[in-house]
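Since the structure comes first, as structure tokens, the remarks are kept for the end.
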Amino acid sequence: MIIPPPPGRPAAPLDLELVQVTKRFGSFVANDRVSLKIPSGTFHALIGENGAGKSTLVKCIMGFHTADEGDVIIGGHSRDIRSPADAYQFGIGMVYQHFTLVPAMTVAENLVLSRPDLPATIPWEAERKRLNAFMRTAPFQVDLDQPASQLAAGQKQKVEILKQLYLESRFLILDEPTSVLTPGEADEVLGLIRRKVEAGELSVLLISHKFREVFGFCNSVTVLRRGKVTGGGLVKDLTTDDLAAMMMGGPRTPRTVAKADRAPGAVALELKGLRADKDSGVPALEGLDLCLREGEVVGVAGVSGNGQRELVEVLAGQRPATGGEVLVHGEWYGATRTDAARHGVFLLPEEPLRNGCVPAMSVAENIAFREFDRPPIRLAGCLVSRRGIRGFAQGLISRFGVKTRSTETPIGDLSGGNVQRAVLARELGPGTAKVLIAANPCFGLDFAAVESIHGQITEARNRGVAVLLVSEDLDELLSLSDRLLVMSHGAIVHETTPAQADVKVIGHHMAGH
Amino acid sequence: MNTESIGWWGVVIGILAGAVRGGTPFLLVSLGECLTEKCGKINLGLEGTLLVGAMSAYAISYKTGNPWIGVAAAAGAGAVMGALHAFLVSRPKVNDIAAGIAMLIFGSGLAFYLGKPFIQPSAPQLPGLELGGWSAMPQVAAALKISPIFLLGIALAFLLQWAFRSTRFGLRVRAVGDSPAAARALGISVGRTRLLGITLGSALSGIGGAHLSLFYPGAWTEAISSGQGLMAVALVIFARWNPVHCLYASLLFGGAQAIGPSLQAVGVSTGYYLWNASPYVLTLAVMIATCSTRRTLAGAPGALGVPG
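So the sequence lines, in the order shown, correspond to chains C and H.
Quick note on the working numbering: the first sequence kicks off at 80 and runs consecutively.
Quick note on the working numbering: the second sequence kicks off at 68 and runs consecutively.
And the structure:
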């Protein structure tokens, strides 16, 4: 029997159960008779590789999709959730993998807008008081008057989590919430949520790829593989190897590429006193100096919003520099297509769908962006060979393991990991890269994908490519870099090597002290 | 009327009067377009809506003898046109530019067809507010005869400005226009919000038409709008989607339009047609002066022109 939503929202954490949930898209079965149980006041992890059906499953709970079969049981009753508004009424809230902030609105407006009980006219003075009171208890601070479009990924993610806390959801679904946070921030965020769970205020379903988070914060876990539950149970009864085996369908075989022992070569990329502005016209880079040699990975750490995005955009040609110079192989570099091709400068941007792809164009066309105007894809004159594009892309798709229905699928339809793989294939596939600029290349990817991308980066370095790795994941930087720089307020403030690195000192510099 | 006695002041007064009189349709249509575009859709059909509004206002005023009922009819006719446009653009794969052009042609055709019998008769006009009674000069008195619709427009500009910040509807409109995906995730109905925004915007534009036929120039002819509805669309971009800036921009355009006629009134007829082009020259000049290659258009709704 289906019971309509209760009149008031629940004050206690929910217990939620999925029974034999099946969701099909055409002939594709995204979720195949998935059952899981999350008792009231527990922290449950849902893990699995990209495309295992995790997002689809939670979208069924949130009312974005309707399950073809099976039941969602909340508090012992089968419930019919047809929209996110219904989910809100049941006290369920979700932090999405893709941001759901309205870019043109300020943080305050975004928080207020998320309230479904919003009054017809908004008494801003009273709202500000409420927001300020809420921010005093919040685990992290964000400028309430900043437009969301001006926030870096890490800050956006924090606002997304703040939003759910502000809405007082009793069942929180977190879709890879820590991918863009520093390890310290991630522990802080999850720790706070964990405390709320222990205090009996919340039940949580966490989608994650990081075993560290599962073992550090969760009570129980469910593993999905190709849409089916392949295992699970209480976290205390399981080991990393158990989970890896359930996820991969066999024991985990780590495939890490060892860093070849080599001395760095000639200077490949040099930034001298580089300056650039944010979209708002406020300076983002304030005289940044940096030197990158062949065959080394230089990591750039920093709290998001300290100019890393602008730095990458200047190097990508997406943002003009307002001062200083960029030299590649000793020559002035203008980040034009000609310059990039001549100097072999390649790029793995963050949010690749936005910064490195045309979502509505096909996978093949996106992969051929660097090559389509050169022979053999370019035929005589300005004609381009469709078959050439397809053939070129097909080779790279299979080499880099991009999972796509066909070469003609719009790249926007691919999962995040596969978009990143396609971009990686485009940038590293031809093997002509001399300088590689990577920005948060593993944001939101599962560990198999992360391993393969890390392997590709290390391999490129071993070949003599100069790699600039801008990342908010300190673990990633420490494992890949030869030298590690810390960026704060638009300048490099600290330099160290992973061997000598002291995480406390780095954190201190990141915080701008 | 003796223009010689006040000399060049006549030109200034003429331009100021033109700013208010001629700026009013720009104001109403640009506010309507501003609301529409904040929803993330463009309505080029507002030129047609302006004509439908002008025609309905005139016809109903003539039939009922009450110009205010005419204004209400113009708003209603505008709303119907808007709802139709909103329905069209809510369908998958419908491009709002193409639908807007279709609505433009449909609207003008409809207005000309239904308006044929009303070209000759004269309908009761809207009363002007005589704010110039203190002046002995007839030019000043005439210039300060203000259309009630102009006052309505000023109020609406500030009301909209406030609504975009401080009402549920305003925030929803901005969310839907900037990021429909985010709006959906927040449980906001994109379709319903757009339907309401586009319909209201179109109704405003209809009221702008009532000003044309019931106040200035104050008759129903087929050449009554001469592209003002389309100019208003550009004006919204120029005003950076800010309702109060729409007010200033409308006054500027209205004033620029009056330069040619005002100069002619004091006997300067050299380059009459050139002066008439001044609103367009002005548009280009201001656009070039205010545009920056380094910043994207601040205030532009993110989903503007994106299908879906």
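Just so it is clear, CB atoms sit at the ideal spot from N, CA and C, and this is done for glycine as well.
Inclusion of S317 of chain H and L118 of chain H in the CB contact set at 8 Å is not warranted, their separation being larger than that value. Residues of the stretch 154–187 of chain H whose Cβ lies closer than 9 Å to any Cβ of chain C: none. Secondary structure of W411 of chain C (DSSP, three-state): strand. When C:A419, C:L390, C:L97 and C:T417 are compared, the shortest CA-CA separation from S567 of chain C is found for C:L390.
Under a criterion of Cβ atoms nearer than 9 Å, the residues of chain C adjacent to P368 of chain H are, in order, A183. Annotated three-state conformation of F282 of chain H is coil, per DSSP. The C-beta distance from T91 of chain H to H278 of chain H rounds to 5 Å, short enough to meet the 8 Å contact threshold. Burial check for G174 of chain H: the Cβ neighbour count within 10 Å reaches 16 or more, so the residue is buried. It is roughly 8 Å from the alpha-carbon of L557 of chain C to the alpha-carbon of L563 of chain C. Comparing alpha carbon positions, the residue from H:P247, H:A332, H:R241 and H:P134 closest to P194 of chain H is H:P134.
With a threshold of 16 other beta carbon atoms within 10 Å, D159 of chain C falls short and is exposed. For the pair E404 of chain C and A419 of chain C, the Cα-to-Cα distance works out to about 15 Å. According to the DSSP secondary-structure assignment, G311 of chain C is paired through a beta bridge with C:T301. In the displayed model, Q579 of chain C falls within coil according to three-state DSSP, outside both helix and strand.
About 5 Å separates the beta carbons of G378 of chain C and L548 of chain C, which is inside the 8 Å limit, making them a contact pair.
The alpha-carbon of K242 of chain C is positioned some 46 Å away from that of R421 of chain C.
If you draw a straight line from the Cα of V407 of chain C to the Cα of A504 of chain C, it is about 23 Å long. Within 10 angstroms of the beta-carbon of S106 of chain C lie fewer than 16 other beta-carbons, which makes it exposed. DSSP lists C:L284 and C:S299 as the beta-bridge partner residues of H123 of chain C.
Straight-line measurement puts the Cα of K183 of chain H at about 30 Å from the Cα of A84 of chain H. What W203 of chain C touches in chain H, judged by beta-carbon distance under 7 Å, is S233, going in chain order. For L238 of chain H, at least one C-beta of chain C is nearer than 8 Å to its own C-beta. When C-beta distances to chain H are compared with 8 Å, every residue of the stretch 113–125 of chain C stays at or above that value.
When Cβ-Cβ separations below 8 Å define contact, S123 of chain H makes no contact with chain C. Beyond the five residues adjoining it in sequence on each side, G306 of chain C comes within less than 6 Å, by CB distance, of V108, A109, N110, D111 and G132 in the same chain, given in chain order. Taken in chain order, the complete beta strand (DSSP E) segments of 3 or more residues contained in the stretch 410–472 of chain C are 424–427. In this structure the stretch 91–102 of chain C lies against the stretch 278–293 of chain C, because at least three pairs of beta carbons, one per stretch, are closer than 8 Å.
The three-state secondary structure of M214 of chain C, taken from DSSP, is helix. Beta-bridge pairing by DSSP links V113 of chain C to C:V100. Considering only C:Q99, C:L493, C:M141 and C:R457, the residue with the shortest C-alpha distance to V442 of chain C is C:L493. Of all residues in the stretch 141–165 of chain C, the ones placed with a Cβ closer than 7 Å to any Cβ belonging to chain H are S162, P163 and A164, in chain order. The Cβ atoms of L427 of chain C and V502 of chain C sit closer than 8 Å to each other.
If you look at S157 of chain C, you'll find it in the beta strand (DSSP E) that goes H156 to R158. In this structure N110 of chain H is in contact with G167 of chain H, their Cβ atoms being roughly 5 Å apart against a cut-off of 8 Å. With a 10 Å radius around the Cβ and a threshold of 16 neighbouring Cβ atoms, W287 of chain H comes out buried.
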